[in-house]
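Residues in the sequence shown are numbered from 88 upward in steps of one, following my numbering.
In this text, a Cβ means the ideal position worked out from N, Cα and C, and glycines have one as well.
Being a predicted model, the structure only gives us computed values, none of them experimental.
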Amino acid sequence: MRILTGIQPSGKLHWGNYFGAMKSMFDLQEKGENFMFIANYHAMTTVRDGKALREATREVALDYLACGLDPEKTIMYRQSDVPEVQELAWYLSCLTPMGLLERCHSYKDKMAHGFEATHGLFAYPVLMAADILIMNADLVPVGKDQKQHLEVTRDLAQKFNNAYGEIFKLPDAYIPETVATIPGTDGQKMSKSYHNTIELFDVSAKKKVMGIQTDSTPMEEPKEPEGNSVYELYKLFATPEEVAQMAANFRAGGYGYGSAKKELLNAYHRLFDPFKEKRDQLAKDPKSLEDILQDGAKKARWSAAKTMEKVRKAVGI
Ligand code: ADP
Ligand code: TRP
88 MRILTGIQPS GKLHWGNYFG AMKSMFDLQE KGENFMFIAN YHAMTTVRDG
138 KALREATREV ALDYLACGLD PEKTIMYRQS DVPEVQELAW YLSCLTPMGL
188 LERCHSYKDK MAHGFEATHG LFAYPVLMAA DILIMNADLV PVGKDQKQHL
238 EVTRDLAQKF NNAYGEIFKL PDAYIPETVA TIPGTDGQKM SKSYHNTIEL
288 FDVSAKKKVM GIQTDSTPME EPKEPEGNSV YELYKLFATP EEVAQMAANF
338 RAGGYGYGSA KKELLNAYHR LFDPFKEKRD QLAKDPKSLE DILQDGAKKA
388 RWSAAKTMEK VRKAVGI
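As structure tokens, then:
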């Protein structure tokens, strides 16, 4: 089974990215042939600073390696190191009905957030389909918000196969039901566009955790933990016993949000401090990082070339 996922280097990764996307990829690492790429072409839809894009691409690679990506088990590469995806995206574009893209929530959402309506943003799902189909992926771990893009991918694969013969597999999204939407410091979905994130290696983690919005129920009163952001975030980091203890504390009364926040912060450090140590080590050795990315690029490109040989023959190029 071939598993592939991508993430955009469009800012620093946060807790929502870790629990919503990275972790399920690490959990699957033992189960198949794995590909993980840094979607720098995709990030150009929103990042207009070349230096920042190059730097963020490197930072994402470091974050993944520090948090659990094993380059012996997962082929990690930069999207732009497999330029054939652009070629395939064009072939798919020629089969893509405008209406299919007009219906995409992520495009409408970007418009609603004031982004300029560019062709890149509009055609984003076609490039994403090319990323997936070029590697012949069976399974694509993504967050819930990417479900529709996977449907577009299957649709385009089907259209291509109908027109040119059975070339592409129809990939499935892998969205674990257990992964809910991770709340940010203001209680809405954690997202860099809402400025409510806590980054993976956030120097202001303490300040941000202590600043998570809570209601004003007095300390002495019993509180219902379910749905409370501090408790929901704690669930991600703590053991089932610790979670049950916090729930009991809230329900008993005499337990305030301040204490819960401290426990959340401790649980975060318990998980991430060792990752931080590993990241600092890796960051000191840029040559090794580049070697890992180059090695990944070589393997990924070889795989893409095999697909493109069949595709070009089928389309008459
Ligand atoms: P952001 O919303 O900060 O821009 P992205 O859209 O780049 O994050 O998300 C990258 C990946 O992380 C996607 O697979 C997405 O589903 C997942 N993800 C991001 N934020 C969350 C969240 N709050 N809860 C669950 N998953 C998330
Ligand atoms: N659209 C994805 C996101 O924003 C990133 C992405 C690009 C991706 N191409 C992909 C994810 C292919 C999985 C497979 O999170």
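Using only the alpha-carbon positions, how far apart do G98 and M131 sit?
12 Å
Go ahead and pull the three-state DSSP assignment for D168.
helix
Run through DSSP, which three-state label would G155 get?
coil
Should R165 go down as buried or exposed, given a rule of 16 or more other Cβ atoms within 10 Å for buried?
buried
Taking the alpha-carbon positions, what's the Y128 to E311 distance?
45 Å
Do V134 and the ligand ADP come close, with the Cβ less than 7 Å from some heavy atom?
no
What residue range does the alpha helix (DSSP H) around I254 cover?
First-last for I254: undefined, no H or E at that position.
Quick one: grab the DSSP three-state call for D259.
strand
Enumerated in chain order, which unbroken segments of the alpha helix (DSSP H) with a length of 4 residues or greater are wholly contained in the segment 89-126?
110-115
Would you call C181 buried or exposed, if buried means 16 or more other Cβ atoms sit within 10 Å of its Cβ?
exposed
Threshold first: 3 residues or longer. Then list the beta strand (DSSP E) segments lying entirely within the segment 195-234, N to C.
226-228
Closer than 8 Å is the cut-off here; do at least three beta carbon pairs connect the segment 316-330 with the segment 141-158?
no
With 16 other Cβ atoms within 10 Å as the buried cut-off, status of V296:
buried
State the start and end residues of the unbroken alpha helix (DSSP H) segment that holds F359.
344-370
In terms of DSSP beta bridges, what is M163 paired with?
M123
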